[in-house]
Amino acid sequence: MQLERPIMGSLLLSQPLPIPLQGRPQNPINGSDSESYALAKIILACRGEGHWGSREEDNSKIDLFFSAQHPWHEGERLIIFTQVKSGESYGSTLSHGFKLKAKAKRAAIRTTHPVCVAWVDRDNNRVFWAYVHPTSTASHQEYGAYHEVGPPMIYDLARCAAIKRTGITGGRGIIIRRRDTNITIRRKNVKAIYQKLDTVVSPALGVIELTRLGWRHMFRNGRSGKNKASSIDLIPYLKKMLEQLPTSHAITQHQSLEVRGNHYRVCEHLLKFDQIQIQKSRSGVLQTVVAHVRLVEEIRYPRNWETNVMLSQLMSRRVVLRSAYWK
Numbered sequence: 061m062q063l064e065r066p067i068m069g070s071l072l073l074s075q076p077l078p079i080p081l082q083g084r085p086q087n088p089i090n091g092s093d094s095e096s097y098a099l100a101k102i103i104l105a106c107r108g109e110g111h112w113g114s115r116e117e118d119n120s121k122i123d124l125f126f127s128a129q130h131p132w133h134e135g136e137r138l139i140i141f142t143q144v145k146s147g148e149s150y151g152s153t154l155s156h157g158f159k160l161k162a163k164a165k166r167a168a169i170r171t172t173h174p175v176c177v178a179w180v181d182r183d184n185n186r187v188f189w190a191y192v193h194p195t196s197t198a199s200h201q202e203y204g205a206y207h208e209v210g211p212p213m214i215y216d217l218a219r220c221a222a223i224k225r226t227g228i229t230g231g232r233g234i235i236i237r238r239r240d241t242n243i244t245i246r247r248k249n250v251k252a253i254y255q256k257l258d259t260v261v262s263p264a265l266g267v268i269e270l271t272r273l274g275w276r277h278m279f280r281n282g283r284s285g286k287n288k289a290s291s292i293d294l295i296p297y298l299k300k301m302l303e304q305l306p307t308s309h310a311i312t313q314h315q316s317l318e319v320r321g322n323h324y325r326v327c328e329h330l331l332k333f334d335q336i337q338i339q340k341s342r343s344g345v346l347q348t349v350v351a352h353v354r355l356v357e358e359i360r361y362p363r364n365w366e367t368n369v370m371l372s373q374l375m376s377r378r379v380v381l382r383s384a385y386w387k
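Shown next, in the form of structure tokens:
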């Protein structure tokens, strides 16, 4: 008895082969997949929630909304408008981060609010982000490796969002009185003040620890007496100053390490306050100076963060003072 050819087999053989993917217009498909991938990865990294923009919002170039618990303001939500871009016309990967091209920045700049641009590297399944303010320039810009989407992103977004926070900035209203007493005696008194400070809550970076690391660095043997005196002048005013937003804020160094299954991201932040005034005890003349504060931020998170359901409990972060002085 002759066996009949399987029905499915005959249908498959009789149907024309599908058009190869390379021959189809893929931009709409790639754009949709990129948005889904970016939203999923950002929500997972920030331990938050999100949704697509409505029809009207999409017409205004807002692809996604996501929110997360603010990392250092208890009970406050961090709400981010997001625009997703992919492909070489909007960005490119660099050895040290990525480049966001002018076309993407022009599309994101608004008159009233900032936008987080997520650029998807489709070839390597990586997502990078940039926070574009209304005052940002519409030109190509390179961003460091810490701009790749990952668990530290929530702290960076909170830092970027704080730029528009209301309140006093730049150390305005702080007048430092210089004293002519012996530097050894002053150092002993100021150390007692420093030890009592312990921690300060900054709107730009959250809780800052004032530890022995900072004291030893500022008063190390190789540092000049003039610079040590500058730090002694500034330390009693640190709390009041750091509770304000800085005039400028930059990340000057960045390092990534992997130890025992954990990633460590270490960044050095430089905060400048340009409204500080110095008053000499004898003349009483006020001189405007710039206070420099260097801080070390260390963030630890598991290497397998994308598949770890305990991510929030396995993360830790510290920000420690390294030095403070005025110029």
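Numbering follows this note's numbering, in which position 277 of the sequence shown is assigned residue number 337; successive positions increment by one, without gaps. C-beta atoms are modelled at their ideal positions from N, C-alpha and C, and glycine is treated no differently.
Supposed contact pair residue j and residue i - C-beta distance, whole angstroms, cut 8 angstroms
i      : j      : result
Ala264 : Arg232 : Not a contact, Cβ separation roughly 15 angstroms.
Gln304 : Gly227 : 7 angstroms
Val177 : Gln201 : With a Cβ gap of about 10 angstroms, Val177 and Gln201 do not count as contacting.
Leu371 : Arg107 : 6 angstroms
Ile336 : Val349 : 5 angstroms
Ile292 : Arg246 : 5 angstroms
Ile234 : Met301 : 6 angstroms
Leu104 : Glu366 : 6 angstroms
Ile268 : Val260 : 5 angstroms
Gly266 : Val379 : 7 angstroms
Ala221 : Tyr203 : Their Cβ separation, rounded to whole angstroms, is 17 angstroms, which puts Ala221 and Tyr203 out of contact at 8 angstroms.
For residue i, three-class secondary structure by DSSP
i      : result
Ala222 : helix
Lys300 : helix
His388 : Outside the displayed span of the chain (61 to 387) sits residue 388, for which this structure offers no information.
Leu437 : What is shown of the chain runs 61 to 387, which leaves residue 437 out entirely.
Asn287 : helix
Ala264 : coil
Arg280 : coil
Thr172 : coil
Gly48  : A query on residue 48 cannot be resolved here, the shown segment of the chain reaching from 61 to 387 and no further.
Ala98  : helix
Val144 : strand
Asp216 : helix
Thr259 : strand
Gly195 : As written in the sequence, residue 195 is Thr, which differs from the Gly given in the question. In the structure shown, Thr195 sits in coil (DSSP, three-state: anything other than H, G, I, E or B).
Lys121 : coil
Ser114 : coil
Thr307 : coil
Arg246 : helix
Ser372 : helix
Arg237 : strand
Ile336 : strand
CA-to-CA distance, residue j to residue i, given in whole angstroms
i      : j      : result
Asp334 : Ala289 : 19 angstroms
Gln315 : Ser262 : 23 angstroms
Ile397 : Ala384 : Nothing can be reported for residue 397: it is not among the residues displayed for the chain, which extend from 61 to 387.
Ile139 : Asp93  : 23 angstroms
Ala198 : Ala162 : 5 angstroms
Glu109 : Pro362 : 21 angstroms
Asp258 : Met278 : 16 angstroms
Ser152 : Leu331 : 29 angstroms
Lys251 : Phe158 : 43 angstroms
Ala100 : Ile295 : 44 angstroms
Leu270 : Pro306 : 18 angstroms
His323 : Ile311 : 19 angstroms
Trp386 : Arg272 : 20 angstroms
Arg11  : Trp179 : Because residue 11 is not part of the residues shown, which for the chain are 61 to 387, the question remains open.
Leu72  : Asn90  : For Leu72, the predicted structure reports a pLDDT of 46, less than 50, and the residue's modelled location is therefore unreliable. The matter cannot be settled from this model.
Arg377 : Leu317 : 14 angstroms
His111 : Gln339 : 54 angstroms
Arg137 : Phe126 : 10 angstroms
Tyr97  : Gly321 : 25 angstroms
Phe188 : Lys224 : 23 angstroms
Val369 : Met375 : 12 angstroms
Phe141 : His173 : 9 angstroms
Pro85  : Ser308 : Its pLDDT being 48, under 50, Pro85 is placed unreliably in this model, and the value from its coordinates should be taken loosely. Distance between the alpha carbons of Pro85 and Ser308 is about 45 angstroms.
Arg239 : Gln313 : 34 angstroms
Residue i - partner residues in DSSP beta bridges
i      : result
Cys327 : His314 and Glu357
Arg363 : DSSP lists no partner for Arg363.
Glu136 : According to DSSP, Glu136 bridges with nothing at all.
Leu273 : Leu273 pairs with nothing; no bridge assigned.
Asn5   : Because the chain in this structure spans residues 61 to 387, residue 5 falls outside the shown range and cannot be described.
Val180 : Ser146 and Val187
Arg378 : Glu358
Tyr385 : His352
Just checking, does the region 163 to 172 make contact with the region 188 to 196 on the three C-beta pairs under 8 angstroms criterion?
-> Enough Cβ pairs lie closer than 8 angstroms, so yes.
On the three-pair Cβ rule with 8 angstroms, is the region 127 to 138 touching the region 214 to 226?
-> In the pairwise beta carbon analysis, the region 127 to 138 is classified as touching the region 214 to 226: at least three pairs are separated by under 8 angstroms.
The region 315 to 332 contacting the region 355 to 373, beta-carbon criterion three pairs below 8 angstroms = Yes, the region 315 to 332 is in contact with the region 355 to 373.
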